[in-house]
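**Q** Listed in order, the protein sequences are those of chains A and B. Using full-length UniProt numbering, the first residue of the first sequence is number 1, and each one after it goes up by one. Using full-length UniProt numbering, the first residue of the second sequence is number 1, and each one after it goes up by one.
There are 2 protein chains.
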Amino acid sequence: MSDSGAPARERATAQMVAQRAKVSRVAVSRAFNPHTSLKPEKRELILRIAQELNYTPDRAARALVSGRSHLVGVIVPDVCSPWESQEIDALTTALQNEGFATLLFKTQTDMSMDETLLTYMKGFNPDSVIAFVENIKPAILARVLGRAVPIYVHYPLEGQPETGVLAADKTLHDRLNILQRNGMEQAVALVQGYGAKRIAYLSGLPRSLASVAREQTLRRVMAERGLGEPQVFAGDFTYDTAYAATVDLFRVGQGADAIFAANDVGAFGVIDALRHEFGLRVPQDVKVVGFDDIEQSHWKSYSLTTVKIDLAERVRALVRLILRRLNDPDAPAFEETLQTRLVVRGTVG
Amino acid sequence: MSDSGAPARERATAQMVAQRAKVSRVAVSRAFNPHTSLKPEKRELILRIAQELNYTPDRAARALVSGRSHLVGVIVPDVCSPWESQEIDALTTALQNEGFATLLFKTQTDMSMDETLLTYMKGFNPDSVIAFVENIKPAILARVLGRAVPIYVHYPLEGQPETGVLAADKTLHDRLNILQRNGMEQAVALVQGYGAKRIAYLSGLPRSLASVAREQTLRRVMAERGLGEPQVFAGDFTYDTAYAATVDLFRVGQGADAIFAANDVGAFGVIDALRHEFGLRVPQDVKVVGFDDIEQSHWKSYSLTTVKIDLAERVRALVRLILRRLNDPDAPAFEETLQTRLVVRGTVG
Chain A
1 MSDSGAPARE RATAQMVAQR AKVSRVAVSR AFNPHTSLKP EKRELILRIA QELNYTPDRA
61 ARALVSGRSH LVGVIVPDVC SPWESQEIDA LTTALQNEGF ATLLFKTQTD MSMDETLLTY
121 MKGFNPDSVI AFVENIKPAI LARVLGRAVP IYVHYPLEGQ PETGVLAADK TLHDRLNILQ
181 RNGMEQAVAL VQGYGAKRIA YLSGLPRSLA SVAREQTLRR VMAERGLGEP QVFAGDFTYD
241 TAYAATVDLF RVGQGADAIF AANDVGAFGV IDALRHEFGL RVPQDVKVVG FDDIEQSHWK
301 SYSLTTVKID LAERVRALVR LILRRLNDPD APAFEETLQT RLVVRGTVG
Chain B
1 MSDSGAPARE RATAQMVAQR AKVSRVAVSR AFNPHTSLKP EKRELILRIA QELNYTPDRA
61 ARALVSGRSH LVGVIVPDVC SPWESQEIDA LTTALQNEGF ATLLFKTQTD MSMDETLLTY
121 MKGFNPDSVI AFVENIKPAI LARVLGRAVP IYVHYPLEGQ PETGVLAADK TLHDRLNILQ
181 RNGMEQAVAL VQGYGAKRIA YLSGLPRSLA SVAREQTLRR VMAERGLGEP QVFAGDFTYD
241 TAYAATVDLF RVGQGADAIF AANDVGAFGV IDALRHEFGL RVPQDVKVVG FDDIEQSHWK
301 SYSLTTVKID LAERVRALVR LILRRLNDPD APAFEETLQT RLVVRGTVG
């Protein structure tokens, strides 16, 4: 905007545009919100008149009046891991269609957020924030957000009472629940059906609740099916650590018939270590199952059998949570729930 | 922030915090800017007093006064392609360290930006925008940005007069120049040294100037080295299209001794098609060279020889351009320039 030198009171208002265009104030607002439905001729007329009057719905000005910034914060340790980047991509598209912009906040490398970063986030006054409890607790985030209610992605263990930080923290927050059991049970049954007995679990970062919940679910499903305990070996969601950990498992440890990885990228490291360090064949010698179903998992070098979280569904559920909360700021906690399912490709069979 | 109900004039000001803490106004500002240097005790004192006074440097309020939003827009067709996501990740970290947040704007799938999206961007009043000329021309972007000067990533052809949209558009913009020749010349020499004669180029999206510049550079380097013309076959930067195009090249067309891909992800598709559809060995039967050097390129299944753009250098250069421009809004165009270099792994040799 070139009117930065002019004081705010000299800006054209939406009302002025509405009057000139002979439309409602709401129509002007909709015209500036990409992809809301509005007759094309009407939108064009409004945008043309807005341009003539040099009117733009400046969000800085609007934010002061409405208290809304139209910014949605996403707290992530890593934008560039494939899962996160694919989620951010889909979320950005979906939010843009609703008139919101995505604001990225990166945690420290240990996944924590320090006080400075929180204050910094507060300064942008996001309308909503999507967070993980291992990065920041609801009580702390609520202090930063004030009126906005954070959304937590949560991995409940089915049939078990809730424990942990989220259970203890009674601060109002909305939740996206991912039920991991369905897909994992299908995966264990498939692996078992092909004769695997010694099953190992390659974990993610120890702080990640997603990884912990996956391990607990695997443990429970295996016990139910008479498969004993999984051997757990430590990863951190990266390819390189997965590769090195697999070398250790087969060179120093006892190896395994099947390996469940906490994420797909880890599974790629497992597969490459098995093939390139030991000349083992996947799936004939060792079966491998990932988690996520990222874009790369169908690449022919991996063709990974994996437990899928449907990204499109997940993003729709997150956007629904944001919109429901903005429509009803004082409602009790909202929840959305997703299931996982097994996608069968070439690494078990 | 919980003070959304209170009118703006009741907010505590930075001056009030500075007086109470007995520090300068600048120190208060620095305390809220993560990772600017400030003695820890001083920062703690300032943040504590700010909390007592319920002061926060609300950017909506500040933006109206200073004209600065502390938002940097990045216009991308795709957040989730590995190169873009790795760049956005590094850029977000670097900008956060300077007190800016990254705002993502997604173009239409054909890489264009429509009027609605531009108006939407204008509403956020970004301090700077990083763009590609194939997405939006400087003249159009300047109209949206007003005072802010956009940064364009540019691929000049060395030793040739500049042509194309950026040459014709005289609107003030800053530039990051990527000189592609160094790395590509090294790659062609290596491939030639191993005896390749029939060289093919897998393009990116036809609108992408990066891909066009890569093709032109390859063409010129091959001509200089007596290698004739590359056979060009059409990709779009994705794995799946690269895979299918390679199948066509070898099944319908004449094949090739070496394939240069416009990006690494495309090179992965080429490699997998060669191996899985034709049982060909890389590099013994066909040599493959990528472009970018993304994180995935060192994965053992690919171990890709590729022309590297140093991501860390690139992000530093972009941040320098942003800061130089904000320090000197009326200066003539700033430029930063990067070279490429060859990273040799296992797909040529």
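Glycine is no exception: its CB is placed at the ideal position from the N, C-alpha and C atoms.
Terminal residues of the continuous beta strand (DSSP E) containing D174 (chain A)?
**A** As a working mapping, residue 174 (chain A) is identified with position 174 in the first sequence. D174 to L179 is the span of the beta strand (DSSP E), which, as asked, contains D174 (chain A).
**Q** Starting from K197 (chain A), follow the beta strand (DSSP E) in both directions and report where the run begins and ends.
**A** The residue given as residue 197 (chain A) occupies position 197 in the first sequence. Taken as a continuous stretch (DSSP letters only), K197 (chain A) belongs to no beta strand (DSSP E), as it is neither H nor E.
**Q** Suppose you measure from the CA of A223 (chain B) to the CA of E277 (chain A); what does that come to, to the nearest Å?
**A** The sequence position of residue 223 (chain B) within the second sequence is 223, counting from 1. The sequence position of residue 277 (chain A) within the first sequence is 277, counting from 1. When rounded, the distance between both Cα atoms is 41 Å.
**Q** With a threshold of 16 other CB atoms inside 10 Å of the CB of G290 (chain B), please say whether the residue is buried or exposed.
**A** Numbered from 1 along the second sequence, position 290 holds the residue referred to as residue 290 (chain B). Burial call: buried.
**Q** Output yes or no for whether 9 Å exceeds the beta carbon distance between L166 (chain A) and H154 (chain A).
**A** By 1-based counting over the first sequence, the position of residue 166 (chain A) is 166. By 1-based counting over the first sequence, the position of residue 154 (chain A) is 154. Yes; because the gap between Cβ atoms is below 9 Å, this pair is in contact.
**Q** Please say whether A196 (chain B) and A258 (chain B) have beta carbons closer to each other than 9 Å?
**A** For the purposes of this step, residue 258 (chain B) is taken as the residue at position 258 of the second sequence. For the purposes of this step, residue 196 (chain B) is taken as the residue at position 196 of the second sequence. Taking 9 Å as the Cβ cut-off, A258 (chain B) and A196 (chain B) qualify as a contacting pair.
**Q** Which of the residues in the stretch 96 to 130 of chain A, read from start to end, lie with their CB under 9 Å from any CB of chain B?
**A** Q96, G99, A101, T102, L103, L104, F105, K106, D114, E115, T116, L117, T119, Y120, M121, K122, G123, F124 and N125
**Q** Taking 6 Å as the limit between beta carbons, can you name the residues of its chain near R175 (chain A), skipping five residues before and five after?
**A** Residue 175 (chain A) sits at position 175 when you count from the first residue of the first sequence. So the qualifying residues of the chain are Y152, H154 and E335.
**Q** Thinking just about the alpha-carbon of each residue, which of A:I130, A:L91, A:M113 and A:A242 is nearest to the one in R325 (chain A)?
**A** Locating residue 325 (chain A) in the first sequence gives position 325, where the first residue counts as 1. With distances taken between Cα atoms, R325 (chain A) lies closest to A:I130.
**Q** What is the DSSP secondary structure of F100 (chain A), counted as helix, strand or coil?
**A** Your numbering for residue 100 (chain A) matches position 100 in the first sequence. Taken through DSSP and simplified to helix, strand or coil, F100 (chain A) comes out as coil.
**Q** Assuming S264 (chain A) and D310 (chain A) are in contact, meaning their beta carbons sit under 8 Å apart, how far apart are those beta carbons, in whole angstroms?
**A** Looking up residue 264 (chain A) in the first sequence gives position 264. Looking up residue 310 (chain A) in the first sequence gives position 310. Here residue 264 (chain A) turns out to be Asp, not Ser, going by the sequence shown. The pair is not a contact, with the Cβ atoms about 14 Å apart (cut-off 8 Å).
**Q** Roughly how many angstroms lie between the CA atoms of V212 (chain A) and P156 (chain A), to the nearest whole one?
**A** As a first step, residue 212 (chain A) must be located in the first sequence, where it is residue number 212. As a first step, residue 156 (chain A) must be located in the first sequence, where it is residue number 156. The alpha-carbon atoms of V212 (chain A) and P156 (chain A) are separated by roughly 11 Å.
**Q** Rounding to the nearest angstrom, what Cα-Cα distance links L338 (chain B) and R225 (chain A) in this structure?
**A** In the second sequence, residue 338 (chain B) corresponds to position 338, counting from 1. In the first sequence, residue 225 (chain A) corresponds to position 225, counting from 1. Rounded to the nearest angstrom, the two C-alpha atoms are 58 Å apart.
**Q** Output needed for L45 (chain B): all residues of its chain with C-beta closer than 7 Å, excluding positions within five of it in sequence on either side, in chain order.
**A** Counting from one through the second sequence, the residue named residue 45 (chain B) turns up at place 45. A21.
**Q** Starting from I136 (chain B), trace the alpha helix (DSSP H) both ways and give me its first and last residue.
**A** If you number the second sequence from 1, residue 136 (chain B) lands on position 136. Here I136 (chain B) belongs to no alpha helix (DSSP H), and DSSP marks it neither H nor E.
**Q** In terms of residue numbering, what span does the alpha helix (DSSP H) encompassing Q231 (chain B) cover?
**A** Translated into the one-based positions of the second sequence, residue 231 (chain B) becomes position 231. That residue, Q231 (chain B), is in no alpha helix (DSSP H); its beta strand (DSSP E) goes Q231 to F233.
**Q** Under 9 Å, do S301 (chain B) and Y302 (chain A) count as touching if we go by C-beta distance?
**A** Residue mapping note: residue 301 (chain B) aligns to position 301 of the second sequence, counting from 1. Residue mapping note: residue 302 (chain A) aligns to position 302 of the first sequence, counting from 1. Going by C-beta atoms, S301 (chain B) is nearer than 9 Å to Y302 (chain A).
**Q** Give a yes or no on whether 9 Å exceeds the smallest Cβ distance from T13 (chain B) to chain A.
**A** Sequence index remark: in the second sequence, residue 13 (chain B) carries index 13 (1-based). Closer than 9 Å: no.
**Q** Can you tell me which of the three DSSP states V122 (chain A) falls into?
**A** Mapped onto the first sequence, residue 122 (chain A) falls at position 122. One detail in the question is off: residue 122 (chain A) reads as Lys in this sequence, not Val. Helix, per DSSP.
**Q** Taking only three categories from DSSP, how would you classify L202 (chain B)?
**A** Start at 1 with the first residue of the second sequence, and residue 202 (chain B) comes out as number 202. Here L202 (chain B) sits in strand by DSSP.
**Q** Buried or exposed, going by whether 16 or more other CB atoms sit within 10 Å of the CB of D272 (chain B)?
**A** Counting from 1 along the second sequence, the entry for residue 272 (chain B) is found at position 272. Its Cβ being crowded by 16 or more others within 10 Å, D272 (chain B) is buried.
**Q** Please list, in chain order, all residues of the same chain as V133 (chain B) whose beta carbon is under 7 Å from its beta carbon, the five residues on each side excluded.
**A** By 1-based counting over the second sequence, the position of residue 133 (chain B) is 133. Y152, V165, L166 and L209.
**Q** Report the neighbours of T93 (chain B) on chain A: residues whose CB is nearer than 8 Å to its CB, in chain order.
**A** Stepping through the second sequence from its first residue, residue 93 (chain B) is reached at position 93. Those are K106, listed as they occur along chain A.
**Q** Using the Cα positions of D328 (chain B) and G349 (chain B), report the straight-line distance between them to the nearest angstrom.
**A** For this step, residue 328 (chain B) is matched to residue 328 along the second sequence. For this step, residue 349 (chain B) is matched to residue 349 along the second sequence. Cα-Cα distance, rounded: 49 Å.
**Q** According to DSSP, simplified to helix, strand and coil, what is R225 (chain B)?
**A** The residue you call residue 225 (chain B) lines up with position 225 of the second sequence. Coil at R225 (chain B), not helix or strand.
**Q** Taking the C-alpha atoms as reference points, what is the distance between V74 (chain B) and L104 (chain A)?
**A** As a first step, residue 74 (chain B) must be located in the second sequence, where it is residue number 74. As a first step, residue 104 (chain A) must be located in the first sequence, where it is residue number 104. Cα to Cα, the separation comes out at about 12 Å.
**Q** Find the nearest neighbour of Q186 (chain B) within the set B:S128, B:Q15, B:I199 and B:V344, judged by alpha-carbon distance.
**A** Here residue 186 (chain B) refers to the residue found at position 186 of the second sequence. Comparing Cα-Cα distances from Q186 (chain B) to each of B:S128, B:Q15, B:I199 and B:V344, the minimum goes to B:V344.
**Q** Using the beta-carbon count (16 or more within 10 Å), is R118 (chain A) buried or exposed?
**A** Start at 1 with the first residue of the first sequence, and residue 118 (chain A) comes out as number 118. In the sequence under discussion, the amino acid at residue 118 (chain A) is Leu, which differs from the Arg named in the question. So L118 (chain A) counts as buried.
**Q** Who does H154 (chain B) pair with in a DSSP beta bridge?
**A** As a first step, residue 154 (chain B) is located in the second sequence; it is residue number 154 there, counting from the start. Answer is B:N177.
**Q** Near residue 385 (chain B), which residues of its chain fall below 8 Å by C-beta distance, leaving aside the five closest residues on each side in sequence?
**A** No answer is possible for residue 385 (chain B): the residues shown for chain B start at 1 and end at 349.
**Q** For L202 (chain B), tell me which candidate among B:T116, B:G266 and B:E229 has the shortest Cα-Cα distance.
**A** Sequence index remark: in the second sequence, residue 202 (chain B) carries index 202 (1-based). Residue B:G266 holds the alpha-carbon nearest to the alpha-carbon of L202 (chain B) among B:T116, B:G266 and B:E229.
**Q** Looking at D292 (chain B) and the ligand SAH, is the gap between the Cβ and the nearest heavy atom below 8 Å?
**A** The ligand SAH is absent from the structure shown, which contains no ligands of any kind.
**Q** List the residues that DSSP assigns as beta-bridge partners of A258 (chain B).
**A** Residue mapping note: residue 258 (chain B) aligns to position 258 of the second sequence, counting from 1. Answer is B:I199 and B:K287.
**Q** Measure the C-alpha to C-alpha separation of H173 (chain A) and T246 (chain A) and round it to an integer number of angstroms.
**A** By 1-based counting over the first sequence, the position of residue 173 (chain A) is 173. By 1-based counting over the first sequence, the position of residue 246 (chain A) is 246. Each residue's Cα considered, the two are about 39 Å apart.
**Q** I'd like to know whether the C-beta atoms of A90 (chain A) and V315 (chain A) end up nearer to each other than 9 Å.
**A** Stepping through the first sequence from its first residue, residue 90 (chain A) is reached at position 90. Stepping through the first sequence from its first residue, residue 315 (chain A) is reached at position 315. Yes, the Cβ-Cβ distance between A90 (chain A) and V315 (chain A) is below 9 Å.
**Q** Could you check which residue in B:A261, B:D127, B:R181 and B:I136 has the C-alpha nearest to that of Q108 (chain B)?
**A** Stepping through the second sequence from its first residue, residue 108 (chain B) is reached at position 108. It is B:I136 whose Cα lies nearest to the Cα of Q108 (chain B).
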